[in-house]
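Trainee:
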Amino acid sequence: NAGVTQTPKFQVLKTGQSMTLQCAQDMNHEYMSWYRQDPGMGLRLIHYSVGAGITDQGEVPNGYNVSRSTTEDFPLRLLSAAPSQTSVYFCASSNWPPTSSYNSPLHFGNGTRLTVT
Amino acid sequence: KNEVEQSPQNLTAQEGEFITINCSYSVGISALHWLQQHPGGGIVSLFMLSSGKKKHGRLIATINIQEKHSSLHITASHPRDSAVYICAAKKGEWETSGSRLTFGEGTQLTVNP
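Heads up: the sequence lines are chains A and B, in that order. Numbering follows the numbering used here, with no gaps: position 16 of the first sequence is 21. Numbering follows the numbering used here, with no gaps: position 66 of the second sequence is 80.
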């Protein structure tokens, strides 16, 4: 199993450009999520999904779009990149709904480092 | 004030020392995660617990729901344990609030040989 695969690993954009960060998992996880990690701050949830066709906003959703057409894929779209979106982005997945023992660890991708100039 | 606070922010230890990293949270939670972020940036889930204690190898995680506090202990620390350790709290009831997590800022651990 590849686990959670994120592409690309690095990306540089100019202000106003759009792009899609890809996330795919092969563990048949219903729950998938996107986080951004900035210096001096903890990971912050952007969007999440509990199954195909179901998405919801997290803590910092502005400027980002998601869709979940399949269980495996959960792409994150930057509509019009801004320097404030310079960050490291992580995708994560887990079982959903959780088991009765709450044993649903998160599986993370290796991250995408995005710079917006 | 962050809802999830970790201490210390930075910790340097000698190989073999017993390590404790603390996590306090100010909201009701249903579960707490401990994560390890490697120097290369990858994040690995270490524990998820809602009560009591869990142990895996040299790692032990405890949680006290009443005191809103969790600790991660590393016994017989080793330089390969050097990483950022992050706690993340899941607020509210699992079924009603999905899997939203609030993360601490992380504790940078350096273990010297």
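We put the beta carbon where it would ideally sit given N, CA and C, even for glycine.
Since A/N70 and A/L48 are thought to touch, with beta carbons under 8 Å apart, how far apart are those beta carbons, to the nearest angstrom?
Mentor: On the first sequence, residue 70 of chain A is found 65 positions in, with the first residue counted as 1. On the first sequence, residue 48 of chain A is found 43 positions in, with the first residue counted as 1. Rounded, the Cβ-Cβ distance is 20 Å, inconsistent with contact.
Trainee: Is the region 30 to 38 of chain A touching the region 36 to 52 of chain B, taking contact as three or more C-beta pairs under 8 Å?
Mentor: Under the Cβ criterion (8 Å, minimum of three pairs), the region 30 to 38 of chain A does not count as touching the region 36 to 52 of chain B.
Trainee: Measuring alpha carbon to alpha carbon, tell me which of B/I88, B/G120, B/P127 and B/K82 ends up nearest B/S44.
Mentor: As a working mapping, residue 44 of chain B is identified with position 30 in the second sequence. Taking B/S44 as reference, the option from B/I88, B/G120, B/P127 and B/K82 with the minimal CA-CA separation is B/K82.
Trainee: Note down, in chain order, each residue of its chain lying with its Cβ closer than 6 Å to the Cβ of B/S85, except the 5 sequence neighbours on either side.
Mentor: For the purposes of this step, residue 85 of chain B is identified with residue 71 of the second sequence, where counting begins at 1. If the five residues before and after B/S85 are omitted, its C-beta is found closer than 6 Å to the C-beta atoms of T34, N36 and T76, all from its own chain and listed in chain order.
Trainee: Any residues in the region 30 to 59 of chain B with a beta carbon nearer than 9 Å to a beta carbon of chain A? Which ones, in chain order?
Mentor: S44, A45, H47, L49, Q51, G54, G55, G56, I57, V58 and S59
Trainee: Assign B/S44 to one of three DSSP states: helix, strand, or coil.
Mentor: Translated into the one-based positions of the second sequence, residue 44 of chain B becomes position 30. Strand, per DSSP.
Trainee: Tell whether a beta-carbon distance below 8 Å holds between A/H112 and A/S99.
Mentor: As a first step, residue 112 of chain A is located in the first sequence; it is residue number 107 there, counting from the start. As a first step, residue 99 of chain A is located in the first sequence; it is residue number 94 there, counting from the start. Yes. Within cutoff.
Trainee: Anyone know if the C-beta pair for B/E29 and B/P127 falls short of 8 Å?
Mentor: Residue 29 of chain B sits at position 15 when you count from the first residue of the second sequence. Residue 127 of chain B sits at position 113 when you count from the first residue of the second sequence. Yes.
Trainee: Below 8 Å on C-beta distance, what does B/G120 contact in chain A?
Mentor: Residue 120 of chain B sits at position 106 when you count from the first residue of the second sequence. Those within 8 Å of B/G120 in chain A are G47.
Trainee: Whose CA, out of A/M46, A/P66, A/G45 and A/G58, lies closest to the CA of A/F79?
Mentor: Within the first sequence, numbered from 1, the residue matching residue 79 of chain A stands at position 74. Nearest option by C-alpha distance: A/G58.
Trainee: Name, please, each residue of chain A whose Cβ falls closer than 7 Å to the Cβ of B/V98.
Mentor: Mapped onto the second sequence, residue 98 of chain B falls at position 84. Listed along chain A, no residue sits closer than 7 Å to B/V98 by beta-carbon distance, the nearest being about 10 Å off.
Trainee: Give the range of the beta strand (DSSP E) segment to which A/Q90 is assigned.
Mentor: For the purposes of this step, residue 90 of chain A is taken as residue 85 along the first sequence, with counting starting at 1. Segment: none, A/Q90 is in no beta strand (DSSP E) and carries neither H nor E.
Trainee: For B/Q41, which option in B/M62, B/E17, B/G55 and B/P22 has the closest C-alpha, if you only look at C-alpha atoms?
Mentor: By one-based count along the second sequence, residue 41 of chain B stands at place 27. Strictly speaking, residue 41 of chain B in this sequence is Val, with Gln absent from that position. Looking at the Cα atoms, B/E17 is the closest of the given residues.
Trainee: Based on DSSP bridge pairs, tell me the residues matched to B/V58.
Mentor: Taking the first residue of the second sequence as position 1, residue 58 of chain B is located at position 44. DSSP lists B/Q50 as partners of B/V58.
Trainee: Report buried or exposed for B/F117, applying the criterion of at least 16 other Cβ atoms within 10 angstroms of its Cβ.
Mentor: Taking the second sequence and counting its residues from 1, the one referred to as residue 117 of chain B is at position 103. Per the 10 Å Cβ criterion, buried.
Trainee: Keeping to the same chain, check which residues put their C-beta closer than 6 Å to that of A/Q6; ignore five residues upstream and five downstream.
Mentor: As a working note, residue 6 of chain A is residue 1 in the first sequence. For clarity, residue 6 of chain A is Asn in the given sequence; the question names Gln instead. Once the five neighbours on either side are set aside, the close Cβ partners of A/N6 are D31.
Trainee: Express the C-alpha separation of B/N78 and A/G116 in angstroms, rounding to a whole number.
Mentor: Within the first sequence, the letter at position 111 stands for residue 116 of chain A. Within the second sequence, the letter at position 64 stands for residue 78 of chain B. Distance between the alpha carbons of A/G116 and B/N78 is about 32 Å.
Trainee: Tell me which residue opens and which closes the beta strand (DSSP E) that A/T120 is part of.
Mentor: Here residue 120 of chain A is taken as the residue at index 115 of the first sequence, counted from 1. Residues T117 to V121.
Trainee: Does DSSP classify A/D61 as helix, strand or coil?
Mentor: For this step, residue 61 of chain A is matched to residue 56 along the first sequence. Strand at A/D61.
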